[in-house]
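Undergrad: Protein sequences, first through last, are from chains A and B.
In terms of the numbering used here, the first sequence is residues 800 to 975.
In terms of the numbering used here, the second sequence is residues 5 to 376.
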Amino acid sequence: MKCKVVLIGDYAVGKTSLIQRFVFDVFRDTYLTTIGVKVTKKDVTVALAKENAEVSLLLWDIAGDDGFSKVSPEYMRGAAGGIMVSDVTRPETVRNMQHHVAAMRAVCPEAEFVFALNKSDIADSNSIRIDDVVAQFTGAMSSVHENWFVTSAKENSNVDALFTYLASKIIHKVNL
Amino acid sequence: MKSVITEALFSRFGIFYAIINTDLQIIFIEDSLCRFLDIEWDGTGQDVFDVLPEMVGIEEDIRNVVSGRRSEYSLLGINRTLYEEIFFNIYVINSPGNAGEALVVIRDVTKESLYRQSIQQSRNEIELLQRQLMQKNLDLDKTNRDLLKSRDEQQVLNQVLEEKVHERTRQLEQSTELAMRLFHQTVNSLMFALEQRDSYTVGHQRRVSRLACAIARELGLGDEAVEGIRVAGYLHDIGKIYVPSEFLTKPGRLSEEEFNVIKAHPYVGFEILRDIEFPWPVASIVLQHHERIDGTGYPMGLEGDQIKFEAKILSVADVVEAMGTNRPYRISPGIDRALEEISKQKGIIYDAGIVDACIRLFREGIFSWTDE
Numbered sequence: 800m801k802c803k804v805v806l807i808g809d810y811a812v813g814k815t816s817l818i819q820r821f822v823f824d825v826f827r828d829t830y831l832t833t834i835g836v837k838v839t840k841k842d843v844t845v846a847l848a849k850e851n852a853e854v855s856l857l858l859w860d861i862a863g864d865d866g867f868s869k870v871s872p873e874y875m876r877g878a879a880g881g882i883m884v885s886d887v888t889r890p891e892t893v894r895n896m897q898h899h900v901a902a903m904r905a906v907c908p909e910a911e912f913v914f915a916l917n918k919s920d921i922a923d924s925n926s927i928r929i930d931d932v933v934a935q936f937t938g939a940m941s942s943v944h945e946n947w948f949v950t951s952a953k954e955n956s957n958v959d960a961l962f963t964y965l966a967s968k969i970i971h972k973v974n975l
Numbered sequence: 005m006k007s008v009i010t011e012a013l014f015s016r017f018g019i020f021y022a023i024i025n026t027d028l029q030i031i032f033i034e035d036s037l038c039r040f041l042d043i044e045w046d047g048t049g050q051d052v053f054d055v056l057p058e059m060v061g062i063e064e065d066i067r068n069v070v071s072g073r074r075s076e077y078s079l080l081g082i083n084r085t086l087y088e089e090i091f092f093n094i095y096v097i098n099s100p101g102n103a104g105e106a107l108v109v110i111r112d113v114t115k116e117s118l119y120r121q122s123i124q125q126s127r128n129e130i131e132l133l134q135r136q137l138m139q140k141n142l143d144l145d146k147t148n149r150d151l152l153k154s155r156d157e158q159q160v161l162n163q164v165l166e167e168k169v170h171e172r173t174r175q176l177e178q179s180t181e182l183a184m185r186l187f188h189q190t191v192n193s194l195m196f197a198l199e200q201r202d203s204y205t206v207g208h209q210r211r212v213s214r215l216a217c218a219i220a221r222e223l224g225l226g227d228e229a230v231e232g233i234r235v236a237g238y239l240h241d242i243g244k245i246y247v248p249s250e251f252l253t254k255p256g257r258l259s260e261e262e263f264n265v266i267k268a269h270p271y272v273g274f275e276i277l278r279d280i281e282f283p284w285p286v287a288s289i290v291l292q293h294h295e296r297i298d299g300t301g302y303p304m305g306l307e308g309d310q311i312k313f314e315a316k317i318l319s320v321a322d323v324v325e326a327m328g329t330n331r332p333y334r335i336s337p338g339i340d341r342a343l344e345e346i347s348k349q350k351g352i353i354y355d356a357g358i359v360d361a362c363i364r365l366f367r368e369g370i371f372s373w374t375d376e
């Protein structure tokens, strides 16, 4: 089964790094802006009630929203899931996840979502308290429930959990 | 079949194409697209999603184009890392003359995309730096505000502290002033008590004190030492409270017993004063004021440096006053006689320097009993 999963967020929040870490288990400290979209495939196994399911995740690394060029809705079409990514050291990127979710829901109302509060590794050095960011995020997003992760592509923290959680949600939804 | 011109144009502008059918199979017409996408061409059709996985999720849109329900579907800015970084646009275009088929046109946009990427990269980096700078400025502003607030609080605290210190200083000054007043009143009371009992000593202690202070100043002693000599002078005969007044005013020679009683007065004075916490060794000065440097004095027969310097000054002043002023019961031999006496005993029973200073005071008119 092939599933299209799009990663959406402001520019330089670490979408490419999350994919690189999840698919190739690498991290590059240098920032290279993404242009257009790059699709990377990763096969994952999802545990179901009776058997495991193999899923090919087609991860769409979409150029970040930089305030000038918005994320094209065409890139979101047909997505089974979306990962909204933000940078915990830039509060506006956390707030903007609401807009990205709204944009994606307009194109893919049935898609599953998960949120990544990324770059937790540099929170301390920027005098950011993760608890404050989470409180701000969960306070602003009434429907996030448990589908958010504090992640660090650099330290490989919660990256696998982020993707496999979304894959699991997609598969369970398909199997209903 | 493409014309030569078309082929030249396609090659010039990086355009490749293939056919897609209703089974969503891609049929390559030539190998240029396969080369561009770095895939093997075996001449057969291939699953569109294997060749172009970017089309997963938009099957319905593609079918609509193939069937003619929609004229075109495009997906722009696809990036792949193959033999090199490539960017391309995909256009699925309905082919009106060929039912159940559509054209898949791939346009290589690598150059312009890399150019765009370079510009976008610079813009994003500048914006990130600007944001960091803004944040740093905000942090600096906050630090400045905190510092100003802290400085204001410190100023208020300092003002409160200064007021407290000022108040405590004022209280301490008042307290010190009161203590000094009480001290002088006590000294005067002690002196007065003796003078009330014994007319011999009326004014004697005050005058001895004045002369002793003048000698001390002449010798260059500091104010603090002079003040100690002043107090010791006021009280030096306080021990005479113990001596019957008839012994003190008796004309003629005293018996040995009577003289022994009188000789006890420095020690009695010492006993009276020893428990009073003066800032100077008043009790010791009083004890030693009848000692002589050759050891002939009393009560302990001390000599030389065993005797306090203040006591040596007091002893000279005591003798000069006793000889140099009249008493109700006797006529004074005169100040010249007194100075002659201490001059004769200079360096023998009296300290030479002290005697010289005392004589200088009188000879040069620096000191006079009538100065009071």
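Backbone N, C-alpha and C define an ideal beta-carbon position, used for all residues, glycine too.
Nearest to E945/A by alpha carbon, out of Y964/A, E954/A, D959/A?
TA: Looking at the Cα atoms, Y964/A is the closest of the given residues.
Undergrad: Between which two residues does the alpha helix (DSSP H) carrying V8/B extend?
TA: Where V8/B is concerned, the enclosing alpha helix (DSSP H) stretches over 8-16.
Undergrad: Please work out which residues of its chain come closer than 6 Å, Cβ to Cβ, to V272/B, disregarding the five sequence neighbours upstream and downstream, and give them in chain order.
TA: Correct list, in chain order: G243, Y246.
Undergrad: Taking C-beta to C-beta, are I66/B and F92/B nearer than 8 Å?
TA: Taking 8 Å as the Cβ cut-off, I66/B and F92/B do not qualify as a contacting pair.
Undergrad: Round the Cβ separation of W859/A and K803/A to the nearest angstrom and send it over; I've been treating them as touching at under 8 Å.
TA: Going by Cβ atoms, the distance from W859/A to K803/A rounds to 6 Å, so yes, they are a contact pair.
Undergrad: Let me confirm a value: D202/B is counted as buried when at least 16 other C-beta atoms fall within 10 Å, else exposed. Which label applies?
TA: With 16 or more Cβ atoms within 10 Å of its Cβ, D202/B is classed as buried.
Undergrad: If we define contact as Cβ-Cβ less than 8 Å, is A878/A a contact residue for chain B?
TA: Output row for A878/A: interface = yes.
Undergrad: Going by CA-CA distance only, name the one from D42/B, N68/B, I90/B that's closest to T833/A.
TA: Of D42/B, N68/B, I90/B, the residue nearest in Cα terms is I90/B.
Undergrad: At 4 residues or longer, what runs of the alpha helix (DSSP H) sit wholly inside the stretch 229-267 of chain B?
TA: Fully enclosed alpha helix (DSSP H) runs of 4 or longer: 249-252, 260-267.
Undergrad: Interface residues of chain B around T832/A at Cβ under 8 Å?
TA: Residues of chain B passing the Cβ test: Q121, Q124, Q125, N128.
Undergrad: Out of L118/B, I352/B, E34/B, L215/B, which one is the CA nearest neighbour of V836/A?
TA: The shortest Cα separation from V836/A among L118/B, I352/B, E34/B, L215/B belongs to L118/B.
Undergrad: Can you tell me whether DSSP reads S764/A as helix, strand or coil?
TA: The question about residue 764/A has no answer here: the residues shown for chain A are numbered 800 through 975.
Undergrad: Starting from A852/A, follow the beta strand (DSSP E) in both directions and report where the run begins and ends.
TA: A852/A -> beta strand (DSSP E) spans 851-861.
Undergrad: Any C-beta of chain A sitting closer than 8 Å to the C-beta of S117/B?
TA: Taking Cβ atoms only, chain A reaches closer than 8 Å to S117/B, which makes this a yes.
Undergrad: Would you give the residue range spanned by the beta strand (DSSP E) that S78/B belongs to?
TA: That run of the beta strand (DSSP E) goes 76-85.
Undergrad: When the Cα atoms are used, what is the spatial distance from G351/B to I297/B?
TA: Going by the C-alpha atoms only, they are around 8 Å apart.
Undergrad: Please classify T180/B: is it buried, with 16 or more other beta-carbons within 10 angstroms of its beta-carbon, or exposed?
TA: Classification of T180/B: exposed, given that the 10 Å Cβ count is below 16.
Undergrad: Go ahead and pull the three-state DSSP assignment for D65/B.
TA: In the structure shown, D65/B sits in a helix (DSSP, three-state: H, G or I).
Undergrad: In its own chain, which residues sit with a C-beta less than 7 Å from the C-beta of K972/A, not counting the 5 before and 5 after it?
TA: Result list for K972/A: E911, in chain order.
Undergrad: Near G299/B, what residues of its chain come up, given a Cβ to Cβ distance below 6 Å and the 5 sequence neighbours on each side ignored?
TA: Closer than 6 Å at the Cβ level, and outside the excluded window around G299/B, lie G305, E307.
Undergrad: How big is the Cα-Cα spacing for R71/B and L28/B?
TA: Residue identity differs from the one stated: residue 71/B is Ser in this sequence, not Arg. Distance between the alpha carbons of S71/B and L28/B is about 11 Å.
Undergrad: Mind the definition here: the stretch 224-236 of chain B touches the stretch 272-286 of chain B only if three or more C-beta pairs lie below 8 Å; say whether that holds.
TA: Taking 8 Å as the limit for Cβ pairs, the verdict is that the stretch 272-286 of chain B does touch the stretch 224-236 of chain B.
Undergrad: Just the Cα atoms here: how many angstroms apart are P908/A and L152/B?
TA: Distance between the alpha carbons of P908/A and L152/B is about 53 Å.
Undergrad: Nearest-angstrom Cα distance between T374/B and E250/B?
TA: Using only the alpha carbons, I get a separation of about 29 Å.
Undergrad: Counting only Cβ pairs nearer than 8 Å, list the residues of chain A close to F91/B.
TA: Here the neighbours are I834, G835.
Undergrad: If I'm right that E345/B touches V320/B with Cβ under 8 Å, what's the distance once you round it to whole angstroms?
TA: So it is not a contact: roughly 10 Å between Cβ atoms.
Undergrad: On the three-state DSSP scale, how would you describe F826/A?
TA: In this structure, F826/A counts as coil in the three-state DSSP scheme.
Undergrad: By alpha-carbon positions, which one of A966/A, G877/A, A846/A, T888/A ends up nearest to G813/A?
TA: When each option's Cα is compared against that of G813/A, the closest is T888/A.
Undergrad: Output the distance between the C-alpha atoms of T114/B and Q121/B, rounded to the nearest integer angstrom.
TA: Approximately 10 Å between the Cα atoms of the pair.
Undergrad: Cβ of E911/A less than 8 Å from any chain B Cβ?
TA: So, not an interface residue.
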